[in-house]
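Notes for the one structure printed next.
Residue numbers (the numbering used here), protein chains in the order written: chain A, 18 to 324; chain B, 62 to 354; chain C, 35 to 557; chain D, 174 to 506.
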């Protein structure tokens, strides 16, 4: 399996090169001139030209890409056009809170999503099922920014229990993670339910019962594991998205994550930051996919990694 | 496209189908309730502007930011306009954006899915790879990128949302096509020498139709949410329109002072999406019991 | 058999509770920073944006300027009313011809890293800016600088290529960095600020907060009076207000106007108002039909009720814009406001040949107050039959739309809802970029494509003059000419609103929107 | 009365579209220790439901036991709490199923599945359970038992999997093994091996076996006594020899008739005309009457009782209303 992982990781590299090129083109396709945006409103054409030259923006796009890739190969992601701060530093500072928030959101979404899903499947067509599924459908239907605003109004302004945002204490993570996790939890709950309902119809469940195993052992020891494959798939996909940062929720909670950095950078046409962030994001996404694939193997021994 | 289903040779079959569908659907009480709620919304979207108590665009600078009362059921906004009337009038915009973007995405996705599923091999591989790439991007980032290129405005929101709807339709329809392709009657039709396009659109497509309907309903909810998020970020509907997302976006500054401005648009979005999701669930149970979420 | 799953239910509940508890238990380790953050002499300031850089010679946004001004000082600076006063210089002298500026430097001033502030340090700073070949923002201020000479340890002399009346204001925008730090950190100086100011840099969490601490060796031993200052960026207006209410923040800027009412009832919160240098207007493309007709432009001005504008859009805070610049800007001269007069507006429209109005687009960025203002303009102009389409564009797109046309005829902009604040509070900054015909985009921000030969020559004349009285007279004429031509819909001057807890004193916002924390004091 | 298991008046109904449909309707039979009893019948006759009802394994179905008694070693299983019932399942009564492909958990190693029951019921330590598990695997004729402990079901062949199933069932030395069509899904050669194995286990350990099958060949090969079921009822019960020699119930006769016999040349295989009646459209009288060649008027009106005759039982008017038919039949013997 170790071999398989190494093979997959090596396989990522050409993919990233392609991604970097697409991303590069994509960004430069967006109308707007970073030089104009940083020079300020009083700047003259001459000043802007000087900046464009400094940033190599006056060269053909392919040339620019080569310059960028050259830096990349030397481990240099460049510096922000706007602030001259190294991109790695900018992203590094945002990545940790983003990862923490993603993990927290995903963590509780998984725990509660699976719990609700299990309850619903086990009590299929009875009130816990209805309750669980109402929660789940509501979770999917809630606009997360609205949920965030309502929570701020309730828990911060009215009750004063939680800070309105920021990431400087663990309390700041609670509401954003709920706003982010609610929809994912709902999705996981639904997938767990439908998958578990299928599994509970399987013959081996009856075998288990015929051996005197308790419902607890049956559900958690036998049925859940083989029901988790679709759950892992959605969870993986969603986790990938989470790592990329959630623009809307980060805005509402003024959370210093990757999403806001990306939006700010796009608005300022801060190319190096946008490029690095999208590249990193693709990398994370591919990585999450790899982990999901490995989890498949763990969940379903029939899958082997010979390929 | 829908007319293909109602073509004469399918008439008897589809009518029988319709009846049995109604019989089964009627048992899903919540789904039926959601269906009626959605119908109500459609009616509001159609006749809304002529029944509202106030002109949704007329400002009244002497009565700004008033809370809900019998006079103004959902209060007034920062220009003294009646929020209730604006919500009703906004139904057309918000549903319109959702429906048109999903339909656009569904048409494109279905065609891609049919082609991909039917022809297989490299066609399938290419289309699915591209879909994977689009799938891998978070919806909202993709939309922001698209809007950054195309510029803001509702029609571009429709395009952006439609684009990220394409892969999900393509995937589902492809899966269904693969299934249908192996069915006997398709085999039979092929053996009598029907053309490819005829097989795809007259025989395969109708079989995938119920799946598409289910996905359409479910994705409509997501599309409305996405459009609202974009408007919330200021990238969607013109701020002066009564689009629900735009209303939310304009009102969040009043969160602490006039909470009804934030509350009601959010509530109506929530209820709409909720009803669509419940309806979609009901439809899925009836039309396409095999497919999971 | 129904009881079969009872246990599962219990298990689920228990797991849920354990999760909830562990979530809470995560607390103690992390919460230390949160709970200990509030000390007697620590203050928290919530602002609406992120800091972009802490390189004082490369900042362009007001917020980052505020932060750098807490750590850095220039030779001269602004007081509360935007008048120039000496800071690191004890006094200065300008030659008659306006070409030579001589500064006597303050003695016994040390940078935070122990380096001595002297004439060589000043030169090192100006060398850095001029050596940047335009990539540092501060180099824009030094376009007319010829050379800098060290006379002795405590005296420096600057020579200009041509007289520039606003030069002192520009000097105020150039803070001094420790020459040792410039060498040490190079390009990364923006991450490691070392100045002479009352506060020293502690930590900058990107996108979240900036922490400063007291400089114990500050040259003015009366300051600073607080130990620690934390800036937090909180873009969501409602959240910022909530922080002030809950005491999470001691000072909040900007304070959303709509929240003033709800905060006034609170006994431990005070609200400060400062008239700003920020003017709000709609620039009208005078090069385009029908806006090339002065009567149309006047009609638009008369049709717009400025009182209601202030009441509705600004929630009652602000004043009418009665000139091309704010009263807080140098050489301001009051003009007669186009008071709301619908009949006159309609009459003008008729005379101009548009009795039934016309359709047009109004552009603006996606900030919520811009969008609100655009809608208001739309509603008001509808009364004289002008049907406006509100088009809110994301910053980058907007700037591209406005600045990419190479000639006035290519410009697509019709109406632009925007604000302007001269970066150093000087009349030149409030005039040349906006009204000189040399400043048509892409060369400047004259998006009204306003061209008036008399104004053009007056602007040049004002720059050459070294006599403030003469300058005042020239700018008076300029303002009069432009105002009567109505290249803008003149809306209002922003009132800056900030809120603070009553136990905090001495933090204030300058008319240009930057925050001064030097005098911060807790009671 | 039998000394191991007594089933009396067992009635099981399923809910279908808000309608209760009896699938097992008043089944009576019993099993003695060490005996192999077969239940035969066409699919849908309720034989599998009977076995599931005995084990009370209707959890994941809409089924419900309505009435009756299932006495196992003097205890009515239907009165037991779910908790006590779990102690019976797998320990006292074990069960193996038709589909060896799907009856094992595909994502759990064989060893773990095997040990789970051993640890649960015999309270063995992990090491001891492992040793016991390997021994059991060996006893059902599995080579390389140690390796197989660490393998997943999909790595084994169908016959091996069924052996594993039997090993799991036998691992706690149950007194009764219910085998629900254990060989149906297997190749003929493997079938014989599995039946051989079951017979051996029965004679070695004295485990009673309830063999549920539709295959009379299997019955003839392994069973001591046979119960024939039709439409949720027992229609005949007899020892294997008696049943094949002189079947009483016309249904039994038809069943035997429909089995192809070696050496006999027939133009066509015999098949019973008509279908098993739909559970919610049961005929009034004898449930077999509509398909019966000997049906009389009474057969359509009144259902016959299960009547004892010496050591055998049958449910048919032919033997109850008058003795003529009976004597005729006896005469033919």
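Just so it is clear, CB atoms sit at the ideal spot from N, CA and C, and this is done for glycine as well.
These numbers come from a predicted model, not from an experiment.
Item                                                                                                                             : Value
Supposed contact pair residue 153 of chain C and residue 189 of chain C - C-beta distance, whole angstroms, cut 8 Å              : 6 Å
Assigned secondary structure, residue 420 of chain C (DSSP; H/G/I helix, E/B strand, else coil)                                  : coil
Unbroken beta strand (DSSP E) run spanning residue 189 of chain D, endpoints                                                     : 178-189
Residues of the stretch 484-515 of chain C whose Cβ lies closer than 9 Å to any Cβ of chain B, in chain order                    : none
Spatial neighbours of residue 66 of chain A in its chain, beta-carbon cut-off 7 Å, leaving aside the 5 residues before and after : none
Three-state secondary structure assigned by DSSP to residue 393 of chain C                                                       : strand
Cα-Cα separation between residue 275 of chain B and residue 340 of chain B, rounded to whole angstroms                           : 9 Å
Residue 280 of chain A versus C:140, C:556, C:430 and C:439, residue with shortest Cα-Cα distance                                : C:430
Three-state secondary structure assigned by DSSP to residue 140 of chain C                                                       : coil
Distance between beta carbons of residue 520 of chain C and residue 509 of chain C, contact taken as under 8 Å                   : Not quite, the Cβ-Cβ distance comes to about 18 Å (not below 8 Å), so this is no contact.
Beta strand (DSSP E) runs contained entirely in the stretch 414-486 of chain D, provided each spans 3 or more residues           : 480-482
Opening and closing residue of the alpha helix (DSSP H) in which residue 467 of chain C lies                                     : 466-469
Any 3 or more C-beta pairs closer than 8 Å across the stretch 418-436 of chain C and the stretch 282-292 of chain A              : yes
The stretch 314-345 of chain D: positions lying closer than 7 Å to chain A by Cβ                                                 : 325, 327 and 341
Contact list for residue 58 of chain A against chain C, beta-carbon separation under 7 Å                                         : 467 and 479
Three-way DSSP call (helix, strand, coil) for residue 544 of chain C in this model                                               : coil
Rounded C-alpha distance that separates residue 276 of chain C from residue 174 of chain A                                       : 6 Å
Cβ neighbours of residue 209 of chain A in the same chain (closer than 6 Å, five flanking residues each side left out)           : 131, 134 and 248
Residue 123 of chain A burial status per 10 Å Cβ neighbour count (16 or more: buried)                                            : buried
Sub-8 Å separation of residue 239 of chain C and residue 273 of chain A beta-carbons                                             : yes
Residue 58 of chain C, buried or exposed, once every other Cβ within 10 Å from all chains shown has been counted against 16      : Its pLDDT being 45, under 50, residue 58 of chain C is placed unreliably by the model, and the measurement read from it follows with that caveat. Residue 58 of chain C should be labelled exposed.
Which of helix, strand or coil DSSP assigns to residue 287 of chain A                                                            : coil
Backbone CA spacing between residue 554 of chain C and residue 233 of chain C [nearest angstrom]                                 : 11 Å
The stretch 165-174 of chain A contacting the stretch 311-326 of chain B, beta-carbon criterion three pairs below 8 Å            : yes
Nearest residue (CA-CA) to residue 404 of chain D, options D:337, D:461 and D:474                                                : D:461
Exposure of residue 361 of chain D, with buried meaning 16 or more beta-carbon neighbours within 10 Å                            : exposed
First through last residue of the alpha helix (DSSP H) which encompasses residue 135 of chain A                                  : 104-139
First through last residue of the alpha helix (DSSP H) which encompasses residue 487 of chain C                                  : 487-498
Within 8 Å, strictly: CB atoms of residue 410 of chain D and residue 486 of chain D                                              : yes
For residue 578 of chain C, the nearest candidate out of C:328, C:447, C:197 and C:181 (CA to CA)                                : Here chain C has residues from 35 to 557 only, and residue 578 of chain C is not among them.
Beta-bridge pairing of residue 531 of chain C - partner residues as DSSP gives them                                              : C:307
Within-8 Å CB hit, residue 144 of chain B to chain A                                                                             : no
Where residue 98 of chain B meets chain A, residues with beta-carbon distance less than 7 Å                                      : What residue 98 of chain B touches in chain A: nothing, since even the nearest Cβ is about 12 Å away.
Buried versus exposed call for residue 557 of chain C [16 or more other C-beta atoms within 10 Å across all chains shown]        : exposed
Neighbour flag for residue 79 of chain B against chain A, beta carbons, 8 Å                                                      : no
Burial state of residue 364 of chain D (16 or more Cβ within 10 Å)                                                               : buried
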